[in-house]
Amino acid sequence: MKYESHRSLLLRIPEVAAELRLARSSIYELIQAGELPVVRIGRALRIPRAGLEDWVERQRHEQSKR
2 MKYESHRSLL LRIPEVAAEL RLARSSIYEL IQAGELPVVR IGRALRIPRA
52 GLEDWVERQR HEQSKR
């Protein structure tokens, strides 16, 4: 597996919100709906970068169908 040291494998909720330019509450809603994968580390939630990128691609694909 290739790993780019400047890109984290797991992102915090505020980081995901900033990248997507969405509110943190929207990210939590996506997690609750099962749209975004989540990894629990103790009580902390992290979103795998690969899962986030997959979600973005699905959104792009769904929009191109319209």
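Using my numbering, you'd call the opening residue of the sequence shown number 2 and step up by one each time.
Using N, Cα and C, we set each Cβ at its ideal position, and we do this for glycine too.
Going straight from the alpha carbon of residue i to that of residue j, what length do you get?
i: G43; j: E54; result: 24 Å
i: A19; j: R67; result: 27 Å
i: E63; j: A45; result: 30 Å
i: S65; j: R41; result: 33 Å
i: R25; j: P15; result: 6 Å
Applying the criterion that 16 or more other CB atoms from any shown protein chain within 10 Å of the CB defines a buried residue, is residue i buried or exposed?
i: R47; result: buried
i: L23; result: exposed
i: V17; result: buried
Report yes if the C-beta distance between residue i and residue j is below 7 Å; otherwise report no.
i: P49; j: L11; result: yes
i: I1; j: V39; result: The shown model of the chain, from 2 to 67, leaves out residue 1, and the question about it has no answer.
Helix, strand or coil for residue i, going by three-state DSSP, please let me know.
i: V17; result: helix
i: V57; result: helix
i: R67; result: coil
i: R50; result: helix
i: R44; result: coil
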